[in-house]
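Participant:
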Amino acid sequence: EAPCFPFGAGEKGRSADDKWLLGGKGANLAEMSAIGLSVPPGFTLTTECCREYCSNWNGELPPSLWSEVTAQLKVVESKMDCDFGSDSNPLLLSVRSGAAISMPGMMDTVLNLGMNDVVVEALSAKTGNARFAWDSYRRFLEMFGNVVLEISRSEFEEELDNIKFEKGYFEDNELQVDDLKTVVSAFKEVYVKNKLSFPDDVYEQLRLAIGAVFGGWNGDRAIKYREVENIRNLLGTAVNVQSMVFGNMGQTSGTGVCFTRDPNNGKDELFGEFLIDAQGEDVVAGIRTPQPISELETAMPEVYAEFKMNTEILEKHYGDMQDIEFTIQEGKLFMLQTRNGKRGGEAAVKMAVDFVEEGLIDKKEAINKVLPEHLDQLLHPSFSDTESATYKNAVVASGLPASPGAAVGEICFTNEDVVTKSEKGIPCVLVRDETSPDDVAGMYASEGILTARGGMTSHAAVVARGWGRPCICGCSDIKIDEAAGTLTITKEDGSTVVMKAGDCISLNGNTGEIMAEKMGVSPPAMKGDLEQFMEWVDEIKEIDVLANADTPDDAAEARKNGAVGIGLVRTEHMFFEPERIGQVRQLILSKSEAQTKEALDNLLPYQRSDFEGIFKAMDGYPVTIRLLDPPLHEFLPGLEDEEVLQKLSSQMSMTVTELVEEIKSAAEVNPMLGLRGCRLGITRPEIIEMQVRGIIEAALNAIDNGVDAIPDIMIPLVGKVQEFRDQAKLVRATADKVFEETGKTCKYRVGTMIEIPRAALTAHEIAKEADFFSFGSNDLTQMTFGYSRDDVGTFIPEYKRKGILLDDPFVTVDVEGVGQLIKSTVKNGREVKPDLKIGVCGEHGGDPRSVEFFSNDAGLSYVSCSPFRVPIARLAAAHAAT
Ligand code: PEP
Ligand code: MG
50 EAPCFPFGAG
60 EKGRSADDKW
70 LLGGKGANLA
80 EMSAIGLSVP
90 PGFTLTTECC
100 REYCSNWNGE
110 LPPSLWSEVT
120 AQLKVVESKM
130 DCDFGSDSNP
140 LLLSVRSGAA
150 ISMPGMMDTV
160 LNLGMNDVVV
170 EALSAKTGNA
180 RFAWDSYRRF
190 LEMFGNVVLE
200 ISRSEFEEEL
210 DNIKFEKGYF
220 EDNELQVDDL
230 KTVVSAFKEV
240 YVKNKLSFPD
250 DVYEQLRLAI
260 GAVFGGWNGD
270 RAIKYREVEN
280 IRNLLGTAVN
290 VQSMVFGNMG
300 QTSGTGVCFT
310 RDPNNGKDEL
320 FGEFLIDAQG
330 EDVVAGIRTP
340 QPISELETAM
350 PEVYAEFKMN
360 TEILEKHYGD
370 MQDIEFTIQE
380 GKLFMLQTRN
390 GKRGGEAAVK
400 MAVDFVEEGL
410 IDKKEAINKV
420 LPEHLDQLLH
430 PSFSDTESAT
440 YKNAVVASGL
450 PASPGAAVGE
460 ICFTNEDVVT
470 KSEKGIPCVL
480 VRDETSPDDV
490 AGMYASEGIL
500 TARGGMTSHA
510 AVVARGWGRP
520 CICGCSDIKI
530 DEAAGTLTIT
540 KEDGSTVVMK
550 AGDCISLNGN
560 TGEIMAEKMG
570 VSPPAMKGDL
580 EQFMEWVDEI
590 KEIDVLANAD
600 TPDDAAEARK
610 NGAVGIGLVR
620 TEHMFFEPER
630 IGQVRQLILS
640 KSEAQTKEAL
650 DNLLPYQRSD
660 FEGIFKAMDG
670 YPVTIRLLDP
680 PLHEFLPGLE
690 DEEVLQKLSS
700 QMSMTVTELV
710 EEIKSAAEVN
720 PMLGLRGCRL
730 GITRPEIIEM
740 QVRGIIEAAL
750 NAIDNGVDAI
760 PDIMIPLVGK
770 VQEFRDQAKL
780 VRATADKVFE
790 ETGKTCKYRV
800 GTMIEIPRAA
810 LTAHEIAKEA
820 DFFSFGSNDL
830 TQMTFGYSRD
840 DVGTFIPEYK
850 RKGILLDDPF
860 VTVDVEGVGQ
870 LIKSTVKNGR
880 EVKPDLKIGV
890 CGEHGGDPRS
900 VEFFSNDAGL
910 SYVSCSPFRV
920 PIARLAAAHA
930 AT
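UniProt numbering applies: residue 50 is where the sequence shown begins, and numbers increase by one.
#1: Can you grab the Cα-Cα spacing for the pair Gly631 / Asp820, in whole Å?
#2: Exposed or buried, what is residue 30 when buried is set at 16 or more other beta-carbons lying within 10 Å of its beta-carbon?
#3: For Lys412, name the three-state secondary structure that DSSP assigns.
#4: When you compare only the Cα positions, how much space is there between Asp761 and Val889?
#5: Is Met564 helix, strand or coil by DSSP?
#6: What would DSSP say about Pro55, mapped onto helix, strand or coil?
#7: Please look up how many angstroms separate the CB atoms of Asp593 and Met623, rounded, as I've assumed it's under 8 Å.
#8: Under the DSSP definition of a beta bridge, which residues are partnered with Ala271?
#9: Which whole-angstrom value is the C-beta distance of Met492 and Arg518, which I expect to be below 8 Å?
#10: For the alpha helix (DSSP H) that Ile362 lies in, which residues bound it at each end?
#11: With DSSP collapsed to three states, give me the class of Arg798.
#12: Ligand 2 and Asn827: does any heavy atom of the ligand fall closer than 8 Å to the residue's C-beta?
#13: Does the pairing of the stretch 908–917 with the stretch 848–861 give three or more beta-carbon distances under 8 Å?
#14: For a test of the three-state rule: what should DSSP assign to Ile759, helix, strand or coil?
#15: Starting from Leu579, trace the beta strand (DSSP E) both ways and give me its first and last residue.
#16: Contact defined as beta carbons within less than 8 Å: I believe Ala816 pairs with Val881. What is the distance between those atoms, to the nearest angstrom?
#17: Can you say whether Arg725 is buried or exposed, counting buried as having 16 or more other CB atoms within 10 angstroms of its CB?
#18: Name the DSSP bridge partner or partners of residue 938?
#19: What does the Cβ neighbour count give for Gly577, buried or exposed, with the cut at 16 atoms within 10 Å?
#20: Determine the direct distance from the alpha carbon of Gly315 to that of Thr360, and round the result to whole angstroms.
#21: Quick check: the stretch 641–659 against the stretch 704–715, are there 3 or more CB pairs under 8 Å?
#22: Can you tell me whether Met358 is buried or exposed? The criterion is at least 16 other CB atoms within 10 Å of its CB, across all chains shown.
#23: Please report the distance separating the alpha-carbon of Thr93 from that of Asp863.
#24: I need the straight-line Cα distance from Glu692 to Ile712, nearest angstrom please.
#25: For Gly111, which beta-bridge partners are listed by DSSP?
#26: Give me the Cβ distance between Leu190 and Gly163, rounded to the nearest whole Å; I'm assuming they're in contact under 8 Å.
#27: How is Leu556 classed by DSSP in three states: helix, strand or coil?
#28: Lys68 to Ala149, Cα distance in whole Å?
#29: Verify the contact flag: Gly891, CB atom, against every heavy atom of ligand 1, threshold strictly below 8 Å.
#30: Would you list the residues sitting across from Pro341 in a DSSP beta bridge?
#31: Just reading off the beta strand (DSSP E) that Asp542 is part of, what are its end residues?
#32: Tell me, to the nearest whole angstrom, how far the beta carbon of Arg657 is from that of Glu789; I am working on the premise that it is less than 8 Å.
#33: So what's residue 41 in DSSP terms, helix, strand or just coil?
#34: Taking the beta carbon of Ala401 as the centre, do at least 16 other beta carbons fall within 10 Å, making it buried, or is it exposed?
#35: Let me check one thing: in DSSP terms, what residues is Asn389 bridge-paired to?
#36: For the stretch 452–472 and the stretch 565–572, state whether three or more C-beta atom pairs, one from each stretch, are separated by less than 8 Å.
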């Protein structure tokens, strides 16, 4: 492939399909050129070149690439009818990065490249606008210094602020020509102070800028962003070299960014902002507060009309909401960039539904436009009763509602503070004047973000929206004193509230309201567009989604979220309540048959009524109940817990000393591999008899009450078929006994968990006897890797840092190892029983990437996950099927 591709009016060669090679921005520039929009000409250096540069050339541009660049530049010069570095008719360039997946705020951009002391005079003479020429020059000096030579931006800002202060100016555009010349000299001094030289040679500028963008691919910021966003397997970033058009040529020029629909709620109206007499960076950096796009209609009606038409063309063309950058140079509109816009959850769903209804896309495409993260946001809680007086009175200030959702957390003024606190599990809100790409780690770790400056498309807003963090921007009623660690809020009535780092604050990202206290939140509901969208999801997915639930309430919640059954009831969870645990303890420690029987008799009614409630909630759907699994000692009281010991010993007619001895003797060295699962059932069959009796009696009762109860009884931690055989026999005998006693019967199945590698390896044997399989992928991962699932926190982070593990295998299924066991189990099991029902009920059942594997590669019948993850698993299953 050629290293460079041209774009601009008349260039029709490439399309958006080339984004892996040209990067998203480059491919879209090519595409916009091809559909005839006015794009300033330029060319794209491919991602392949970036890979070459980073891996083989160690900071040097390969000579063959450079000669291609200069050849392409000639073409641009002739299209623009001006010359790079010319002392009479100069061409200026922008150099921007653009990877195949957009990384907002991560990219390095240099504008106005091709400036020096001669060119600035030429530009001034040519345009008759000295102010503009010098303004462009000072911008270039700052950007080039910052992006290419890594001089801190604040060093330039400080010089600029000093000059503005001396002159008594507030806004940058108050600077006059002479002031700008002073700024330019001051900026050059900044280079000298840093012992760096500013290259007067414009070709040298270009060469260095291209190198810097390529090199930025491996910078800390870019690496962190890719890590957080899970972006892998990209060659690198492309570089777009484009002729400059100028938004800073006076009152008929300007620049802006605009989404074709509202990225917060999905409404079909333009959402954006612009600045007159400014360059692109001014809008995105949040330094000047821009005007809403609707005001462009009055400011420049013709430009607005053309712009509006372009947005419609682009939306139709891409079948998606676009995020557009544009510049107006002396009344002429130029489209600088378009890409599919990042959006919040509510907007994602609404737009997907609207696009289908408008005939832009079909249902499958619509499903692919909504990501699991979007649903996750949508299913997050929001503030309860925002119409109430309590809520209204709590509001102390408001800013721009930049990213929706409710955030409640402790105030942190620095990135580091958020990261440290959140690692300890403390929810935090990041409060800043404005955010920069250096803050991404803190933004990611925060519950929400509040900034004093910046608009709806500022860095904070874009990044927060992408990650679903609630965000309020541009709140001018707050004043942050980072050194003092205070946030001063001026209320509408003029009074002030002073908050400190660590105080609790609440942000409503939907309205922009700020509350100086911890506010209550409530769970969301499925209705409207979301309901419609989820119907399409269910039409398309090929795998069922069940839920793991242990109570009737959880089962009802799961059903509301679309679960078509329960894939796992962890019966031990039913024993944790205070009045039950005493009976369980008695059961474990009892030395006499009478005491055992008493405990079992007391536990039976609890189990029966819980099961009955779950059958009722899941009327018509299977309920998979697992017999007791965990190590018994988990139920035993701590030896220091005197009150509990007292009570239990008198309940069991023992002395405390005797009881302590019993507890000690029940402890195990390695409980995860000890007396748990079916081992417990085999050594204490009376417990299983009680549980099975509870299940069958509950099913019979439910059926009597008109409920279609479908019990699936599941044996845990089977490794040998003989274990399964023993337990299945006991289950069937107990069920028969209940049937005999009651004179009624019901259908039930007896299946097994597959969670020990030995069971996976002998699946063909077990399948002969089991009615269904359910992968316990938590234990299967634990035992395949030999990593204790309770202790992985000590080494997994380091493993990930070192690249030994790409993902935490307890979160995303390990396809190569555990996945192989799963696939062979399915194959061997179905060889014996072609329609064997096989699902998964470990945590992986709610992880989108794992769901894709279970659906497409493993061929499972269902996944089962926690009730609140059910909608996400349904969506992931639909994605897998498209
Ligand atoms: C599993 O091991 O994946 C499973 C579902 O069982 P538990 O997590 O209860 O051990
Ligand atoms: Mg398990």
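For every residue, glycine included, the Cβ atom is placed at its ideal position computed from N, Cα and C. From a predicted model like this one, the values you see are computed outputs, not experimental measurements.
Facilitator: Result, derived from the coordinates:
#1: Numbered from 1 along the sequence shown, position 582 holds the residue referred to as residue 631. Numbered from 1 along the sequence shown, position 771 holds the residue referred to as residue 820. Rounded to the nearest angstrom, the two C-alpha atoms are 35 Å apart.
#2: Nothing can be reported for residue 30: it is not among the residues displayed for the chain, which extend from 50 to 931.
#3: In the sequence shown, residue 412 corresponds to position 363, counting from 1. Three-state result, Lys412: helix.
#4: Looking up residue 761 in the sequence shown gives position 712. Looking up residue 889 in the sequence shown gives position 840. Approximately 14 Å, taken between the alpha carbons.
#5: Start at 1 with the first residue of the sequence shown, and residue 564 comes out as number 515. Here Met564 carries a strand assignment [DSSP, helix/strand/coil].
#6: By 1-based counting over the sequence shown, the position of residue 55 is 6. The answer is strand: DSSP assigns Pro55 an E or B state.
#7: Position 544 of the sequence shown holds residue 593. Position 574 of the sequence shown holds residue 623. That pair is no contact at about 24 Å.
#8: Residue 271 sits at position 222 when you count from the first residue of the sequence shown. None, per the DSSP bridge assignment.
#9: Here residue 492 corresponds to residue number 443 of the sequence shown, with the count starting at 1. Here residue 518 corresponds to residue number 469 of the sequence shown, with the count starting at 1. That belief holds up - the Cβ atoms of Met492 and Arg518 are roughly 6 Å apart, short of 8 Å.
#10: Looking up residue 362 in the sequence shown gives position 313. Counting along the chain, the alpha helix (DSSP H) containing Ile362 begins and ends at Pro350 to Tyr367.
#11: Residue mapping note: residue 798 aligns to position 749 of the sequence shown, counting from 1. Arg798: strand per DSSP, three-state reduction.
#12: Residue numbering aside, residue 827 sits at position 778 when the sequence shown is read from its first letter. It does: the Cβ of Asn827 is within 8 Å (strictly closer) of some heavy atom of ligand 2.
#13: No: the two stretches stay apart, fewer than three of their Cβ pairs being nearer than 8 Å.
#14: Position 710 of the sequence shown holds residue 759. Strand at Ile759.
#15: Locating residue 579 in the sequence shown gives position 530, where the first residue counts as 1. That residue, Leu579, is in no beta strand (DSSP E); its alpha helix (DSSP H) goes Asp578 to Ile589.
#16: To locate residue 816, count along the sequence shown from 1; it is residue 767. To locate residue 881, count along the sequence shown from 1; it is residue 832. Right, the Cβ-Cβ distance comes to about 4 Å (below 8 Å), so this counts as a contact.
#17: On the sequence shown, residue 725 is found 676 positions in, with the first residue counted as 1. Counting Cβ neighbours within 10 Å, Arg725 comes out buried, since at least 16 surround it.
#18: With the chain covering 50 to 931 only, the question about residue 938 has no answer from this structure.
#19: Within the sequence shown, numbered from 1, the residue matching residue 577 stands at position 528. The residue is exposed, with fewer than 16 neighbouring Cβ atoms inside 10 Å.
#20: Walking along the sequence shown from the start, residue 360 turns up at place 311. Walking along the sequence shown from the start, residue 315 turns up at place 266. For the pair Thr360 and Gly315, the Cα-to-Cα distance works out to about 15 Å.
#21: With the rule of 3 Cβ pairs closer than 8 Å, the stretch 641–659 does not count as touching the stretch 704–715.
#22: Numbered from its first residue, the sequence shown carries residue 358 at position 309. Label assigned to Met358: exposed.
#23: Here residue 93 is taken as the residue at index 44 of the sequence shown, counted from 1. Here residue 863 is taken as the residue at index 814 of the sequence shown, counted from 1. The alpha-carbon atoms of Thr93 and Asp863 are separated by roughly 38 Å.
#24: Numbered from 1 along the sequence shown, position 643 holds the residue referred to as residue 692. Numbered from 1 along the sequence shown, position 663 holds the residue referred to as residue 712. Going by the C-alpha atoms only, they are around 15 Å apart.
#25: Position 62 of the sequence shown, counted from the first residue, corresponds to residue 111. The question names Gly, but residue 111 in the sequence shown is Pro. DSSP output for Pro111 lists no bridge partner at all.
#26: Counting from 1 along the sequence shown, the entry for residue 190 is found at position 141. Counting from 1 along the sequence shown, the entry for residue 163 is found at position 114. With a Cβ gap of about 13 Å, Leu190 and Gly163 do not count as contacting.
#27: Residue 556 sits at position 507 when you count from the first residue of the sequence shown. Assigned with DSSP and collapsed to three states, Leu556 falls in strand.
#28: In the sequence shown, counting from the first residue as 1, residue 68 sits at position 19. In the sequence shown, counting from the first residue as 1, residue 149 sits at position 100. Inter-residue distance for Lys68 and Ala149 is about 5 Å (C-alpha atoms, whole angstroms).
#29: Within the sequence shown, the letter at position 842 stands for residue 891. Within the cutoff, so yes.
#30: To locate residue 341, count along the sequence shown from 1; it is residue 292. Looking at the DSSP assignment, Pro341 forms a beta bridge with Glu322.
#31: Mapped onto the sequence shown, residue 542 falls at position 493. For Asp542, no beta strand (DSSP E) encloses it, and the DSSP letter there is neither H nor E.
#32: The count along the sequence shown starts at 1 and reaches residue 657 at position 608. The count along the sequence shown starts at 1 and reaches residue 789 at position 740. The pair is not a contact, with the Cβ atoms about 18 Å apart (cut-off 8 Å).
#33: There is simply no residue 41 to check, as the chain begins at 50 and stops at 931 in what is shown.
#34: Working through the sequence shown from its first residue, we reach residue 401 at position 352. The residue is buried, with at least 16 neighbouring Cβ atoms inside 10 Å.
#35: Indexing the sequence shown from 1 puts residue 389 at position 340. According to the DSSP secondary-structure assignment, Asn389 is paired through a beta bridge with Gln371.
#36: Yes, since at least three Cβ pairs between the stretch 452–472 and the stretch 565–572 fall closer than 8 Å, the two stretches touch.
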